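Protein chains: 2
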Amino acid sequence: MNNLHAHAFNVSRQDRERLNGHQGQVIWFTGLSGSGKSTLANALEAALFGQGKHTFILDGDHVRQGLNRDLGFSEADRAENIRRVAEVARLMADAGLIVITAFISPFRREREMARQLAPDRFCEVYVDAPLALCETRDPKGLYKKARSGQLLNMTGIQSPYEIPENPDIVVRTDRQSVEEGVRMLLEWLVSR
Amino acid sequence: MNNLHAHAFNVSRQDRERLNGHQGQVIWFTGLSGSGKSTLANALEAALFGQGKHTFILDGDHVRQGLNRDLGFSEADRAENIRRVAEVARLMADAGLIVITAFISPFRREREMARQLAPDRFCEVYVDAPLALCETRDPKGLYKKARSGQLLNMTGIQSPYEIPENPDIVVRTDRQSVEEGVRMLLEWLVSR
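Which chain is which? The protein sequence lines are B and A, in order. So the first sequence is numbered by the working numbering: it starts at 1 and just counts up by one. So the second sequence is numbered by the working numbering: it starts at 1001 and just counts up by one.
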């Protein structure tokens, strides 16, 4: 009885995909604050759930209070924030989930790092809207704080946003409805 | 078209549970190196998968190469390793998965922290075997390294293991078979 047989059977990624009826995926939303990432993420998740798919949204609300509560908003901490999110997204995709991340993620090298963790099941979605429009929406009041000097390092104001050079999908939220954006995303998923 | 409606619909924990046919859970294995955590974790996962349940194993192999690659083996880093695992386990349980963690997790305060993140769906499993037996098994050769001074901070040798005072389940791997352990765990899950 003392001979434990290690790893006699492992549940594989293929097993999970068969059980779920779909692949694990990372749908990586990037864009300015106020561009519509969370709105699209929620609408996409609702649509996928309606199809019986297994999903999860990772956003700032989820991780800043928990996993990444030790991190601030310095350049190094923002990079570490995104690194950990990318690693958790990969683990969740390994677990069979369609993971939707909604972070500004302004730097190309970080998004590329995230893609490289799950290169065969990664969709970079550029949620595109002009800064002026995002600033009008200002859903969290962050632009107002940045303009008044209460907030430093705000992407689009004091800190750059590097536009994706080759995203898998672009949603222009100044011109397209949420429904149109969701339709494009669902089509991409079906094509996989 | 510029008025994005934020969070019009969110997929709730209850929705996910209905889709999966079971609750999300954190099954937290603790015990010495060589006590049989990984063996039990794999056997439990295989049994649950056979029932059509959605599972994932988090262990050192998963996180030390990825999420926690920035961490070493100092006391502070080992604590941070467990903290992040607990946070990821909570997120995965929120996503509807039965998450099985297999870490030595030697300190009561860390295991209590993990429980408090998901108190209503947490099972602490003490995988119990005498140190002498674990040292005979020595699946990773760590005891040998510790005894020869190549490895410091080895739990059970230079670093303490705090025995769980009130675990939900104890599996005595020196006396019980893997099958018996798995049966106890499945019974606990059914009772939830």
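Even for Gly, the Cβ is constructed at its ideal location relative to N, Cα and C. Please read all numbers here as calculations on a predicted model, not as lab measurements.
Discussion item. Taking only three categories from DSSP, how would you classify A:Y1126?
Written reply: Reduced to three states, the DSSP call for A:Y1126 is strand.
Worksheet item: Quick one, which of A:V1170, A:L1091, A:I1098 and A:L1117 has its alpha-carbon nearest A:E1045's?
Response: If we check each option's Cα against that of A:E1045, A:I1098 comes out closest.
Worksheet item: Sorted by chain position, which residues of the same chain lie with C-beta nearer than 6 Å to A:G1181's C-beta, five sequence neighbours on each side aside?
Response: Excluding sequence neighbours, A:G1181 sits near L1040 and V1171.
Worksheet item: For a contact meaning CB atoms closer than 9 Å, what does B:T55 contact in chain A?
Response: Those are V1011, R1016 and A1095, listed as they occur along chain A.
Discussion item. Strictly by DSSP, which residues pair up with B:I169?
Written reply: DSSP lists B:V125 as partners of B:I169.
Item to complete: Given a cut-off of 8 Å, decide if B:A114 and B:W28 are closer than it, judged by their beta-carbon atoms.
Response: Between B:W28 and B:A114, the C-beta gap is smaller than 8 Å, which places the two residues in contact.
Discussion item. Following a CB-centred definition, is A:I1157 positioned closer than 7 Å to any heavy atom of the ligand FMN?
Written reply: Ligands in the displayed structure: none, and consequently the ligand FMN is not present.
Worksheet item: Grouping DSSP H, G and I as helix and E and B as strand, with all else coil, what is B:A102?
Response: Residue state, collapsed to three classes: strand.
Practice prompt. Would you mind telling me which residues of chain B sit closer than 7 Å to A:H1022, beta carbon to beta carbon, in chain order?
Written response: For a Cβ distance threshold of 7 Å, nothing in chain B lies close to A:H1022: the least Cβ distance comes to about 12 Å.
Worksheet item: Between the beta-carbon of A:L1117 and the beta-carbon of A:E1165, is there less than 8 Å?
Response: No, the Cβ-Cβ distance between A:L1117 and A:E1165 is not below 8 Å.
Discussion item. Taking the straight line between their C-alpha atoms, what separation do you get for B:F122 and B:M92?
Written reply: If I take the Cα positions, the gap works out to 12 Å.
Worksheet item: Since B:L67 meets chain A, which of its residues come closer than 8 Å, beta carbon to beta carbon?
Response: Residues of chain A passing the Cβ test: R1084, E1087, V1088 and L1091.
Practice prompt. With B:V182 as the anchor, note down where its alpha helix (DSSP H) starts and where it stops.
Written response: Bounds of the alpha helix (DSSP H) holding B:V182 are V178 to V190.
Item to complete: Could you name the residues of the same chain whose beta carbon sits closer than 6 Å to that of B:D77, not counting the 5 residues immediately before and after it, in chain order?
Response: Listed in chain order, the non-local C-beta contacts of B:D77 below 6 Å within the same chain comprise L71, local neighbours out to five positions each way being set aside.
Discussion item. Which residues in chain B have a C-beta closer than 7 Å to the C-beta of A:E1045? List them in chain order.
Written reply: Near A:E1045 (Cβ distances below 7 Å), the residues of chain B are V11.
Worksheet item: Hey, quick one: how far does the alpha helix (DSSP H) through B:V63 stretch, first residue to last?
Response: That run of the alpha helix (DSSP H) goes G60 to R64.
Discussion item. Let me see if you follow: with CB-CB separation under 8 Å, is B:N42 close to chain A or not?
Written reply: Chain A, which has a Cβ nearer than 8 Å to the Cβ of B:N42, makes this yes.
Fill in: Sequence ranges, beta strand (DSSP E) only - wholly within the stretch 126 to 165 of chain B, length at least 3
Runs found: none.
Item to complete: Kindly indicate if chain A contains any beta-carbon less than 8 Å away from that of B:F49.
Response: B:F49 counts as touching chain A.
Item to complete: Just mark B:S12 as buried or exposed, buried being the case when its beta carbon has 16 or more other beta carbons within 10 Å.
Response: With fewer than 16 other beta carbons inside 10 angstroms of its own, B:S12 counts as exposed.
Worksheet entry | Residue closest to B:V190, alpha-carbon to alpha-carbon, out of B:S74, B:F107, B:Y143 and B:K53 | For B:V190, the nearest C-alpha among the options comes from B:K53.
Discussion item. Give me the residue from B:S38, B:H22, B:F49 and B:E162 with the minimum Cα distance to B:D61.
Written reply: Closest in C-alpha terms to B:D61, from the list B:S38, B:H22, B:F49 and B:E162, comes B:S38.
Fill in: Top-ranked residue by Cα proximity to A:A1132, from A:K1145, A:Q1158 and A:S1035
For A:A1132, the nearest C-alpha among the options comes from A:S1035.
Worksheet item: For A:L1058, which of A:L1185, A:L1186, A:L1152 and A:R1083 has the nearest alpha-carbon?
Response: Put simply, of A:L1185, A:L1186, A:L1152 and A:R1083 the residue whose alpha carbon is nearest the alpha carbon of A:L1058 is A:R1083.
Discussion item. Helix, strand or coil, according to DSSP, for B:F29 in the structure here?
Written reply: Of the three classes helix, strand and coil, the one that applies to B:F29 here is strand, per DSSP.
Worksheet item: Can A:D1128 and A:T1055 be called in contact, C-beta distance under 8 Å?
Response: The answer is no: Cβ separation not under 8 Å.
Worksheet item: Among all the DSSP beta bridges, which residues are the ones paired with A:F1056?
Response: For A:F1056, DSSP records a beta bridge to A:V1099.
Worksheet item: Going by C-alpha distance, which of A:Y1161, A:F1103 and A:S1074 is nearest A:V1085?
Response: Comparing Cα-Cα distances from A:V1085 to each of A:Y1161, A:F1103 and A:S1074, the minimum goes to A:F1103.
Worksheet item: A:P1125 to A:R1064, Cα distance in whole Å?
Response: A small fix is needed here, since residue 1125 of chain A is Val in this sequence, not Pro. Those two C-alpha atoms are separated by around 22 Å.
Item to complete: Decide if B:G24 is buried, meaning its Cβ has at least 16 other Cβ atoms within 10 Å, or exposed.
Response: Classification of B:G24: buried, given that the 10 Å Cβ count is 16 or more.
Practice prompt. List the whole-angstrom C-beta distance separating A:V1178 from A:A1043, where the pair is believed to meet the contact cut-off of C-beta under 8 Å.
Written response: The beta-carbon distance between A:V1178 and A:A1043, rounded to whole angstroms, is 5 Å. This is short enough to meet the 8 Å contact definition.
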